[in-house]
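Here the sequence shown is numbered in numbering that gives the first Met the number 0, starting from 0 and rising by one per residue.
By construction, the Cβ of each residue, glycine as well, lies at the ideal position given by its N, Cα and C atoms.
Notes follow the structure.
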Amino acid sequence: MNAQRITSPEDPALGQLCGQLAEMADALDEKGTWPAEQLKLCGEYGVYQWFLEPTWGGQAWNEEAILQGYMALSAGCLTTTFIITQRSGACRRIAGSDNRQLKERLLPSLAAGTTFSTVGISHLTTSRQHLLKPVLRAVRVSGGYVLDGFSPWVTGAAHAQSIVVAATMVESDGVQGNGVEGMDSANRQPTGEQLLVALPTDLPGVSVPAPARLTGLSASHTGQLRLKQTFVKNQDVIAGPTEDVMASGQGGTTGGFQTSALALGVAQAAIDSIAQEALHRDNLQAPLEALQAEHEQIRTELFALVRGEPICTNQQLRGHANSLVLRTTQAALSAAKGSGYLMGHPASRWCREALFFLVWSCPQPVVQANLCELAGILD
Ligand SMILES: Cc1cc2nc3c(=O)[nH]c(=O)nc-3n(C[C@H](O)[C@H](O)[C@H](O)COP(=O)(O)OP(=O)(O)OC[C@H]3O[C@@H](n4cnc5c(N)ncnc54)[C@H](O)[C@@H]3O)c2cc1C
């Protein structure tokens, strides 16, 4: 097909794309196969260009426009949109690097949608933080680094040509050559520095086990990425070694605005379905209006934060968005009654998908706020 390139969140082509994604969303959820067709469609509509500068073939949308785009896309298909957030997270990390040659090598095909990249960074942010030993380690050797261990959660790793991976630097003991043979970094002391690389997935020692079966979003093919003494060249380094490498350069932060935007998108889809039911059932009108008003309020909170005129903190926003997406999706299920509980009905899918926001990129204060709300403990 000849899709029209979407040039702004107001572009009617965005509505066309979202309609097509929504039509395929239930079948995608049931089959759990990688959404290759949906991602190709997004490429044809120019979605991947939103996130990159014109130098690389992008349209460089501002943050507000990107979040509007994300809200619309996630109302159509959360799984596809979530994969795009991981892809654009990788793109932003690469684009924020000082490594010009790496950018020239990777970014044009990522903007065009002909290659796929994703991120494996949660083990430095929101996963495995209570463990004493780092799960993914890097040792400096001549010409690069040897990486060993695993990243616990990587979306679409088996479909990626490159993965933005973070690793904890451990002592090298003066290893000579590229030192790959027989190197065991598991018991080496961390140096206090971290490394961020754009890992080519065809390197020796890279493996991706079958993806995990999930409560929702199984089609995101999320699972472990394993590295066994993988030699990564200096040319593939994005940033570091340095302390707190995730704070260097640019890129998405944990619990950032995009998570709330996606929650608002799914909540919007659920509210729209209640509105459809309410056309024939007066008793749905009052809850519908209350949920619509709350959605509008949280939307206002989101964009106030983006414009630098906050009316709440980012963590409060995330808590509000999580609460809303859980309640709107369950309200949609209640309105759809037993039919909504059938697999293949969107209300059933939205309820499972809403649970994702309780665990995705959730810093500890957000987890705590969710738990307190669920326990009925007020702020
Ligand atoms: C579908 C999905 C897709 C994802 N995609 C990506 C991706 O593409 N890239 C990426 O980087 N990340 C991704 N993530 C990771 C995500 O952002 C979070 O980092 C992840 O959900 C954190 O969960 P965890 O179980 O690893 O947390 P952990 O904190 O490691 O908890 C694991 C277990 O450890 C125990 N535990 C936790 N805290 C403590 C403690 N203080 N003391 C003792 N025991 C404790 C608990 O039993 C817990 O169940 C994804 C997650 C999901 C669910």
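Please determine whether the Cβ atom of Gly-255 lies at a distance below 6 angstroms from any heavy atom of ligand 1. In the sequence shown, counting from the first residue as 1, residue 255 sits at position 256. Gly-255: no, Cβ never under 6 angstroms from ligand 1.
Beta-carbon separation of Thr-117 and Gln-85 under 7 angstroms? Numbered from 1 along the sequence shown, position 118 holds the residue referred to as residue 117. Numbered from 1 along the sequence shown, position 86 holds the residue referred to as residue 85. Closer than 7 angstroms, so yes.
Report, in whole angstroms, the separation of the C-beta atoms of Leu-290 and Ile-310, which I expect to be a contact under 8 angstroms. Locating residue 290 in the sequence shown gives position 291, counting from the first residue. Locating residue 310 in the sequence shown gives position 311, counting from the first residue. 20 angstroms between Cβ atoms; not a contact.
Quick one: Cα of His-344 to Cα of Ile-83, how far? Position 345 of the sequence shown holds residue 344. Position 84 of the sequence shown holds residue 83. Straight-line Cα distance between these residues: approximately 24 angstroms.
Given a threshold of 16 other Cβ atoms within 10 Å of its Cβ, counted over all protein chains shown, does Glu-300 qualify as buried or as exposed? Position 301 of the sequence shown, counted from the first residue, corresponds to residue 300. Buried is the call here.
For ligand 1, I want to know if Pro-151 counts as a neighbour, meaning its beta carbon is within less than 6 angstroms of at least one of the ligand's heavy atoms. In the sequence shown, residue 151 corresponds to position 152, counting from 1. Yes, Cβ of Pro-151 sits closer than 6 angstroms to a heavy atom of ligand 1.
Suppose the cutoff is 6 angstroms on Cβ atoms and the five residues either side in sequence are ignored; what does the same chain contact list for Ala-368 look like? Working through the sequence shown from its first residue, we reach residue 368 at position 369. Gly-318, listed in sequence order.
Are there any heavy atoms of ligand 1 lying less than 6 angstroms away from the beta-carbon of Thr-78, as far as the coordinates show? Within the sequence shown, residue 78 is the residue found at index 79, counting from 1. Outside the cutoff, so no.
Does the distance from the CB of Gly-42 to the CB of Gln-48 come in under 7 angstroms? Position 43 of the sequence shown, counted from the first residue, corresponds to residue 42. Position 49 of the sequence shown, counted from the first residue, corresponds to residue 48. Contact flag unset, no.
Three CB pairs or more closer than 8 angstroms across the stretch 256-266 and the stretch 342-362: yes
Thinking C-beta only, is Ser-247 closer than 7 angstroms to Ala-238? One-based indexing of the sequence shown puts residue 238 at position 239. One-based indexing of the sequence shown puts residue 247 at position 248. Yes, they are a contact pair.
In this structure, how does DSSP classify Lys-232 when only helix, strand and coil are distinguished? Here residue 232 refers to the residue found at position 233 of the sequence shown. Residue state, collapsed to three classes: strand.
DSSP three-state label for Thr-167, please. Position 168 of the sequence shown, counting from 1, holds the residue named residue 167. Of the three classes helix, strand and coil, the one that applies to Thr-167 here is strand, per DSSP.
Compute the distance between the beta-carbons of Leu-323 and Ala-346, then report whether it is under 7 angstroms. Counted from its first residue, the sequence shown places residue 323 at position 324. Counted from its first residue, the sequence shown places residue 346 at position 347. Cβ atoms of Leu-323 and Ala-346: not closer than 7 angstroms.
In angstroms with no decimal places, state the Cα-to-Cα distance between Ser-150 and Ile-93. What you label residue 150 is simply residue 151 of the sequence shown in a count that begins at 1. What you label residue 93 is simply residue 94 of the sequence shown in a count that begins at 1. Rounded to the nearest angstrom, the two C-alpha atoms are 18 angstroms apart.
Would you report the Cα separation of Val-236 and Ala-285, rounded to the nearest angstrom? The count along the sequence shown starts at 1 and reaches residue 236 at position 237. The count along the sequence shown starts at 1 and reaches residue 285 at position 286. Their backbone Cα atoms lie some 55 angstroms apart in a straight line.
Using the DSSP secondary-structure output, state which residues sit across from Tyr-144 in a beta bridge. As a first step, residue 144 must be located in the sequence shown, where it is residue number 145. The partner list for Tyr-144 (beta bridge, DSSP) reads Arg-139, Val-231.
Using CA atoms only, rank isn't needed, just tell me which of Thr-154, Gly-119, Arg-136 is closest to Thr-80. The residue you call residue 80 lines up with position 81 of the sequence shown. When each option's Cα is compared against that of Thr-80, the closest is Thr-154.
Beta carbon of Trp-359: closer than 6 angstroms to some heavy atom of ligand 1? As a first step, residue 359 must be located in the sequence shown, where it is residue number 360. Yes, the Cβ of Trp-359 comes within 6 angstroms of a heavy atom of ligand 1.
Burial state of Asp-28, where buried means 16 or more other Cβ atoms lie within 10 Å: Numbered from its first residue, the sequence shown carries residue 28 at position 29. Buried, since its Cβ has 16 or more Cβ neighbours within 10 Å.
CB-CB under 8 angstroms to Gln-314, same chain, minus the five flanking residues each way: which ones, in chain order? Within the sequence shown, the letter at position 315 stands for residue 314. If we look at Gln-314 and ignore the five residues flanking it on each side, its Cβ neighbours are Gly-254, Pro-362, Pro-364, Val-365, Ala-368.
Do Thr-258 and Ser-360 count as a contact pair if the criterion is CB distance below 7 angstroms? Position 361 of the sequence shown, counted from the first residue, corresponds to residue 360. Position 259 of the sequence shown, counted from the first residue, corresponds to residue 258. It is a contact, given that the beta carbons lie within the stated cut-off.
For my contact list, Leu-462 and Pro-240 are in at a C-beta cut-off of 8 angstroms; report their separation, rounded to the angstrom. Because the chain here runs from 0 to 378, residue 462 falls outside it and cannot be looked at.
In chain order, which alpha helix (DSSP H) runs of at least 4 residues are fully inside the stretch 250-291? 256-277
For Gln-234 and Ala-71, the rounded distance between their alpha carbons: Within the sequence shown, residue 71 is the residue found at index 72, counting from 1. Within the sequence shown, residue 234 is the residue found at index 235, counting from 1. Their backbone Cα atoms lie some 37 angstroms apart in a straight line.
So Arg-4 and Gly-45 are in contact, right, with Cβ under 8 angstroms, and what is the actual spacing, rounded? Reading the sequence shown from its first residue, position 5 is the one you call residue 4. Reading the sequence shown from its first residue, position 46 is the one you call residue 45. Contact holds; Cβ gap of about 4 angstroms.
Would you check if the distance between the CB atom of Val-305 and the CB atom of Glu-62 is smaller than 7 angstroms? Locating residue 305 in the sequence shown gives position 306, counting from the first residue. Locating residue 62 in the sequence shown gives position 63, counting from the first residue. Yes, these two residues count as a Cβ contact at 7 angstroms.
Would you say Tyr-144 and Val-231 are within 7 angstroms of each other, going by their C-beta atoms? Position 145 of the sequence shown, counted from the start, is the residue given in the question as residue 144. Position 232 of the sequence shown, counted from the start, is the residue given in the question as residue 231. Contact flag set, yes.
Quick check: the Cα distance between Leu-106 and Cys-90, rounded to an integer number of angstroms? For the purposes of this step, residue 106 is taken as residue 107 along the sequence shown, with counting starting at 1. For the purposes of this step, residue 90 is taken as residue 91 along the sequence shown, with counting starting at 1. About 7 angstroms.
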